[in-house]
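Visitor: Okay, here's the structure, questions in a sec.
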Amino acid sequence: MKTLVVYYSLEGNTEYVANKIKEKTGADVLKLVPQKAYPNKGFGKFFFGGGSSVIGETRELEPYEVCLDEYERVILGFPVWAARITPPLRMFIEENKSKLVNKNLIAYACQSGNGAEKAFAKLAEGIGVDGFEKTAVFLDPKSKHTEEKDKQIEEFCEILK
Ligand SMILES: Cc1cc2nc3c(=O)[nH]c(=O)nc-3n(C[C@H](O)[C@H](O)[C@H](O)COP(=O)(O)O)c2cc1C
6 MKTLVVYYSL
16 EGNTEYVANK
26 IKEKTGADVL
36 KLVPQKAYPN
46 KGFGKFFFGG
56 GSSVIGETRE
66 LEPYEVCLDE
76 YERVILGFPV
86 WAARITPPLR
96 MFIEENKSKL
106 VNKNLIAYAC
116 QSGNGAEKAF
126 AKLAEGIGVD
136 GFEKTAVFLD
146 PKSKHTEEKD
156 KQIEEFCEIL
166 K
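Here the working numbering is used: position 7 in the sequence shown is 12, and no number is missing along the way.
Shown next, in the form of structure tokens:
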């Protein structure tokens with residue numbers, strides 16, 4: 006099934022999973038880059054990103070080129086921010102939801118603790134679907150890397166083949 010992974014990542018964890026999916030399954034990858042970057046350290050990291058997520062902001066993206074008609078399956082990847090999806094992914098959803106509703110949709114989240122289930126529900130609601138074919142949650146798979154976490158990603162990739 007022709008597959009596209011669309012993701013946003015602030016600190017590389019979500020990107021790490023996206024790259025593994027690409028490597029293991031041959032999926033195409035689209036990285037979302039906000040025009041105004043979020044701070045990735047200090048107080049501002051949680052204050053601005055968390056606040057922006059809670060109020061449901063979108064954030065303008067750097068121009069991207071993708072033809073969603075080419076893909077049967079779309080995998081949406083994001084870091085959990087304040088138990089929500091991140092504004093760059095929300096922007097992509099706003100811009101493309103009419104093309105996403107009829108796809109085979111999968112979502113994965115990276116987080117440090119919890120909140121992913123709530124974020125998946127919000128993401129499905131934002132797209133206008135009841136849920137996802139599959140979801141997966143990874144706990145800081147790059148910044149707190151273990152062999153066990155790599156294995157979990159590999160098992161996820163197996164299902165996608
Ligand atoms: C603004 C902000 C809010 C966060 N909120 C949560 C949260 O609600 N629950 C959680 O488990 N982790 C939370 N985290 C941690 C990240 O989701 C986690 O470290 C994730 O793996 C980062 O992915 P990334 O490296 O792709 O950005 C938050 C991180 C940031 C920067």
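We put the CB at the ideal spot given by N, CA and C, even for glycine. Owing to the predicted nature of the structure, the values given are computational and were not obtained by experimental measurement.
Whose CA, out of T30, L128, G120, lies closest to the CA of F97?
Guide: To locate residue 97, count along the sequence shown from 1; it is residue 92. Looking at the Cα atoms, L128 is the closest of the given residues.
Visitor: Is any heavy atom in ligand 2 found nearer than 8 Å to the beta carbon of A112?
Guide: This structure lacks ligand 2; the ligands present are ligand 1.
Visitor: Going by beta-carbon coordinates alone, are T8 and Y113 separated by less than 9 Å?
Guide: Working through the sequence shown from its first residue, we reach residue 8 at position 3. Working through the sequence shown from its first residue, we reach residue 113 at position 108. No, the pair does not count as a contact, with Cβ atoms beyond the cut-off.
Visitor: How big is the Cα-Cα spacing for Y12 and G47?
Guide: Numbered from its first residue, the sequence shown carries residue 12 at position 7. Numbered from its first residue, the sequence shown carries residue 47 at position 42. Roughly 23 Å separates the two Cα atoms.
Visitor: Using the beta carbon as the reference atom, which residues fall closer than 7 Å to any heavy atom of ligand 1, ordered along the chain?
Guide: Any heavy atom of ligand 1 counts here; residues with a Cβ closer than 7 Å to one of them, in chain order, are S14, L15, E16, G17, N18, T19, E20, K50, F51, G54, G55, S58, P84, V85, W86, A87, A88, C115, Q116, S117, G118, N119, G120, D145, K147, S148.
Visitor: Tell whether a beta-carbon distance below 9 Å holds between R89 and R64.
Guide: On the sequence shown, position 84 is the one that residue 89 refers to. On the sequence shown, position 59 is the one that residue 64 refers to. For R89 and R64, no; Cβs fall outside 9 Å.
Visitor: Which residue or residues does DSSP assign as beta-bridge partners of I111?
Guide: Working through the sequence shown from its first residue, we reach residue 111 at position 106. I111 pairs with I80, K139.
Visitor: Are the CB atoms of K166 and K29 within a distance shorter than 9 Å?
Guide: The residue you call residue 29 lines up with position 24 of the sequence shown. The residue you call residue 166 lines up with position 161 of the sequence shown. Yes, the Cβ-Cβ distance between K29 and K166 is below 9 Å.
Visitor: Just grab the DSSP bridge partners of Y12 for me.
Guide: One-based indexing of the sequence shown puts residue 12 at position 7. Its beta-bridge partners are K36, G82.
Visitor: Three-state secondary structure (DSSP) at R89?
Guide: Locating residue 89 in the sequence shown gives position 84, counting from the first residue. R89: strand per DSSP, three-state reduction.
Visitor: Within a Cβ cutoff of 6 Å, which residues of the same chain sit near P68, ignoring the five residues on either side of it in sequence?
Guide: Within the sequence shown, residue 68 is the residue found at index 63, counting from 1. Cβ neighbours of P68 beyond the five flanking positions: none.
Visitor: Could you confirm whether any beta carbon from chain C is found closer than 9 Å to the beta carbon of K102?
Guide: Protein chains in the displayed structure number just one, and chain C is not present.
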